[in-house]
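Chemist: Below you will find the structure I want to go over with you.
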Amino acid sequence: MPDLVRGANTPLDAQRVTVGVRCALPADVSALLVGSDMRVRSDADLVFYNAPEGAGVRWSDGGSGQRIDLDLAAVAADVHAVLLVMSLAGAATFGSIPAPRLQLTAEGGRQVAVFNVDGLSSERAIIGMEVYRRGPGWKVRAVGQGYDGGLVDLVTAHGVEVDDPGEDTAAQPPPAGVAVGGAMPQAGPPPHQQPPPHQQMPPYQQTPSYQQGQSQQQRPGRPQDPAPPRQPRSDVPPAPGAGEVDYVERVWLVWEDASRSLAAYRSTGEHALTIRNDEIAGRVPKGRYRELLDAAAQRLNADIGQLAGELAGAEHQANAEIAPFGGMSWLTWQPRPDLAEGILLGHLSAPELPGLRVPLILRMPLRRATWISRGVVPGESLVFAWSLVSRLLAAFPPGTVGIEVIDASGLSGAGWLHGFAPATVHHLLGGGVATGPAAAERVRRLLDLVDLRMVGISETETAMAPAGGPPVRLVVVLDAGAALADGDEAHQLVRLVEDGPAAGVPVLLVETDTPVGDSVRTLRVRQTCHNLPSGEGTVVDPWVGGDWTLTPDILPDAGDGTRAPALFSHLLGEHTRGLVT
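Given below as structure tokens:
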């Protein structure tokens, strides 16, 4: 029976399980059925004593305490996870009592997982466990996220509509309050007592996005939607079979599980250090410190071994766009008839996980801008940028994407783009690299294009673009520090970064020569973007905020970014031929 720590997870080998709790004070138990955005589909997805049944989820109280019974085979297909919730009545907090305990059992009373939710303080409601889909099966994770505002704040954060939520006392059955929308139990404050103000809390996060060296609270935005279904190609690996997830989704699931396992290991290590101090001081018997570390290492090794096996078993599904440049997939690459699912950025590693390298894949279509930070080595950011642009050219069907290169300072060494055939420069490269005043004019022209598309006017009805130009315009902004300097041109660029991707004008900002300051404008832009290091650097996972080292995957002949890589030239030629045909 796994005794879980916060963030740890374990597979479920049973379709029918029961969740029971132990708490020093009377606690209400409820469940939320949520989608991949961690929000309910409707108020009916809250299961509690006043709405005791949902698809595959049932609340009951047999006298020995409230419990939730799950029949996972009966849970709706669009439900990604079931959040198991505990809440206290009145002003009581979990920090004032011994740690509550959640226990998951299978039929026959076999214990599946146990989680003692320690480290709580002023919380009045907590998400104790999460039972979530993992490929064709299910897993359970110890969460332990608390809400000071009680059950009302918790369910509101996950999409349940509650009218005028007063003091959330989570009344004992039968409810003394009013059920809102047939779902949420409420109880008013005691006489002559005003309810405290509520602060909207964020939902429990399980959405994949990432940033370079930033805390989780600094990472706005939603994950990009999966690409539309792809048509089969004769030159690509076979698609996953029924009940399997595709390679991109598999990689993100592996990164998530690895992040949570690593966070649990690190948390146990920190706790073990306090135990060691107590052992040295003679306050506790010796041996517990080593026992905790050994058990944590054993769990981590088991988790990572399984995850590494999943990646190895799914590698045959990886197309060239999400495979390393040195892989065999690029030797047999053929132009795509459809949009790729994503592109490979590099590989993630952690010092505690020497046997695991997780591909970091940027999902397609591009719905957010991307920022590449200035590197330590001159030209490092340019090398990574042109490597990503090459992958993006490979990810689109021929003739459907063009490149608009903007270099306000004119110092980024991109003049080699003018060496391509005039038709290529005119149709696919926007007329060439825009520098000086032409850079500001190029941004204004692209922003006009975005505005037209957002109101439903096609640029073919205007004189906006050269005839026969590609529909997607990838904007590459070199020397982003100079481009974001004070001025109206910088304001226009901010608008392009924020609005362009949704209108088919994705933006890649590359920090090269001019150092980027900490202006409000720069912070605003970077919070809008995926942030990447140009060389080996830190990326923060979006689930628990753990640090990972990203090693970018770059073209072998990119040099210092001031000459045309062979693969880039080949792919650009394919798009030129695509426009002609």
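Using the numbering used here, the first residue of the sequence shown is number 250, and each one after it goes up by one.
Glycine is no exception: its CB is placed at the ideal position from the N, C-alpha and C atoms.
Apart from the five residues just before and just after G685, which ones in its own chain have a Cβ nearer than 8 Å to its Cβ?
Modeler: So the list reads A657, G659, once near-sequence residues are dropped.
Chemist: List in chain order: all unbroken beta strand (DSSP E) runs of 3+ residues lying wholly within the region 258–298.
Modeler: Runs found: 258–260, 265–271, 276–283.
Chemist: Suppose you measure from the CA of G395 to the CA of A618; what does that come to, to the nearest Å?
Modeler: If I take the Cα positions, the gap works out to 33 Å.
Chemist: Are the beta-carbon atoms belonging to I621 and L781 less than 8 Å from one another?
Modeler: For I621 and L781, yes; Cβs fall inside 8 Å.
Chemist: Q315 by DSSP, collapsed to three states: which one?
Modeler: Note: Q315 maps to strand in three-state DSSP.
Chemist: What's the call for L841, buried or exposed, on a 16-neighbour Cβ count within 10 Å?
Modeler: Since the first and last residues shown for the chain are 250 and 830, residue 841 lies out of range.
Chemist: Just the C-alpha distance for V533 and N365, rounded to the nearest angstrom, thanks.
Modeler: V533 and N365: Cα-Cα distance of roughly 21 Å.
Chemist: Comparing alpha-carbon positions, which option in T581, Y538, V278 lies nearest W308?
Modeler: Residue V278 is the option with its Cα nearest to W308.
Chemist: Taking the runs of the alpha helix (DSSP H) that are 4 residues or longer, which of them lie wholly in the region 488–554?
Modeler: Correct list: 496–530.
Chemist: Would you identify the three-state DSSP class for M577, choosing helix, strand or coil?
Modeler: Of the three classes helix, strand and coil, the one that applies to M577 here is helix, per DSSP.
Chemist: Check whether the Cβ atoms of M871 and G377 sit closer than 8 Å, and answer yes or no.
Modeler: Because the chain here runs from 250 to 830, residue 871 falls outside it and cannot be looked at.
Chemist: Identify whether W582 lies in helix, strand or coil by the three-state DSSP scheme.
Modeler: In this structure, W582 counts as coil in the three-state DSSP scheme.
Chemist: Measuring only the C-alpha atoms, how far is N299 from P349?
Modeler: Rounded to the nearest angstrom, the two C-alpha atoms are 23 Å apart.
Chemist: Taking the alpha carbon of A732 as the point to measure from, which residue in A752, P750, V756 has its own alpha carbon closest?
Modeler: Among A752, P750, V756, the Cα nearest to that of A732 belongs to V756.
Chemist: Quick one: what's got a C-beta closer than 7 Å to Q741's C-beta in the same chain, skipping five residues either side?
Modeler: Closer than 7 Å at Cβ, skipping near neighbours: V692, R693, L696.
Chemist: Using CA atoms only, rank isn't needed, just tell me which of I571, P600, R606 is closest to S636.
Modeler: S636 has its Cα closest to that of I571, out of I571, P600, R606.
Chemist: Is L332 near the ligand MN, going by C-beta to nearest heavy atom under 7 Å?
Modeler: With respect to the ligand MN, the structure shown offers nothing to examine, as it has no ligands at all.
Chemist: In or out: G591 buried (at least 16 other Cβ within 10 Å) or exposed?
Modeler: G591 is buried by the Cβ-count criterion.
Chemist: May I ask you to report which of helix, strand or coil DSSP gives F817?
Modeler: Residue state, collapsed to three classes: helix.
Chemist: Can you name the start and end residues of the beta strand (DSSP E) that P801 belongs to?
Modeler: P801 -> beta strand (DSSP E) spans 796–801.
Chemist: Between the C-alpha atoms of L274 and S313, what's the straight-line distance to the nearest angstrom?
Modeler: About 14 Å.
Chemist: Helix, strand or coil for R722 per DSSP?
Modeler: DSSP places R722 in strand when its eight states are reduced to three.
Chemist: Which of helix, strand or coil does DSSP assign to V625?
Modeler: In this structure, V625 counts as coil in the three-state DSSP scheme.
Chemist: Going by Cα to Cα distance, which pick from V266, V283, L333, Q583 is closest to F297?
Modeler: Answer by Cα proximity: L333.
Chemist: Using 8 Å as the threshold, is the C-beta distance between E559 and V632 below it?
Modeler: Result no, Cβ atoms of E559 and V632 do not sit closer than 8 Å.
Chemist: Within 10 angstroms of its Cβ, does P260 collect 16 or more other Cβ (buried), or is it exposed?
Modeler: Per the 10 Å Cβ criterion, exposed.
Chemist: Using only CA atoms, which one of R616, G786, A815 lies nearest to E747?
Modeler: With distances taken between Cα atoms, E747 lies closest to R616.
Chemist: Taking the CB atoms as reference points, tell me whether T798 and A599 lie closer together than 8 Å.
Modeler: Yes, the pair counts as a contact, with Cβ atoms nearer than the cut-off.
Chemist: Keeping to the same chain, check which residues put their C-beta closer than 7 Å to that of R702; ignore five residues upstream and five downstream.
Modeler: Contacts found: A752, G753.
Chemist: Using beta-carbon positions only, say whether I652 and L678 come within less than 8 Å of one another.
Modeler: Taking 8 Å as the Cβ cut-off, I652 and L678 qualify as a contacting pair.
Chemist: In chain order, what residues of the same chain have a beta carbon less than 8 Å from the beta carbon of Q421, not counting five sequence neighbours either side?
Modeler: In this prediction, Q421 scores a pLDDT of 38, lower than 50, which makes its location untrustworthy; no coordinate-derived value is stated.
Chemist: Would you kindly work out how many angstroms separate the C-alpha atoms of S516 and G368, rounded to a whole number?
Modeler: Cα to Cα, S516 sits roughly 11 Å from G368.
Chemist: What span of residues does the beta strand (DSSP E) with R382 cover, start to end?
Modeler: Per DSSP, R382 belongs to the beta strand (DSSP E) from 374–383.
Chemist: What would DSSP say about A391, mapped onto helix, strand or coil?
Modeler: A391: strand per DSSP, three-state reduction.
Chemist: Please classify G648 as buried or exposed, where buried requires at least 16 neighbouring CB atoms within 10 angstroms.
Modeler: Buried, by the Cβ-count rule.
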